[in-house]
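Structure record follows, encoded as structure tokens.
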């Protein structure tokens, strides 16, 4: 009985450690035509400490060389609340 419980706890722990959630969603769109350029800006948080904290639309547009923004998407990744990543994805001309 103890072996079964230990085995079950080990399996549940392994599954829990591999749990993650990733969501990409549209944020906004403009009347500008869809362009071929794409720019991104990211921010990462590990155990509550934020690194590269600027994931704004302006930074993403600058990173992609975009002057006329067409669409803006956001992507959030959360791994057990310990590692969180935010990304803004901008397309345009």
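Numbering (the working numbering), first residue to last: 243 to 335.
All C-beta atoms, glycine included, are put in the ideal place defined by N, C-alpha and C.
Because the structure is a prediction, the values reported are computed rather than measured.
Continuous beta strand (DSSP E) stretch holding residue i: start and end
| i | result |
| --- | --- |
| residue 334 | 325-334 |
| residue 288 | 279-288 |
Pairwise C-alpha distance: residue j and residue i
| i | j | result |
| --- | --- | --- |
| residue 263 | residue 324 | 12 Å |
| residue 315 | residue 332 | 6 Å |
| residue 285 | residue 245 | 43 Å |
| residue 269 | residue 312 | 11 Å |
| residue 276 | residue 298 | 20 Å |
| residue 317 | residue 295 | 14 Å |
| residue 309 | residue 326 | 29 Å |
| residue 306 | residue 267 | 19 Å |
| residue 274 | residue 302 | 17 Å |
DSSP bridge partner residues for residue i (one or two, in chain order)
| i | result |
| --- | --- |
| residue 320 | 263, 326 |
| residue 269 | In the DSSP output, where bridge partners are listed per residue, residue 269 has none listed. |
| residue 296 | BP columns for residue 296 are empty, so no partner. |
| residue 314 | 270, 332 |
Start and end residues, alpha helix (DSSP H) containing residue i
| i | result |
| --- | --- |
| residue 306 | 299-306 |
6 Å Cβ shell around residue i - same chain, five flanking residues per side excluded
| i | result |
| --- | --- |
| residue 293 | 286 |
heavy atom of the ligand COA below 7 Å from residue i C-beta
| i | result |
| --- | --- |
| residue 298 | Questions concerning the ligand COA fall outside what the structure shown contains, since it holds no ligand whatsoever. |
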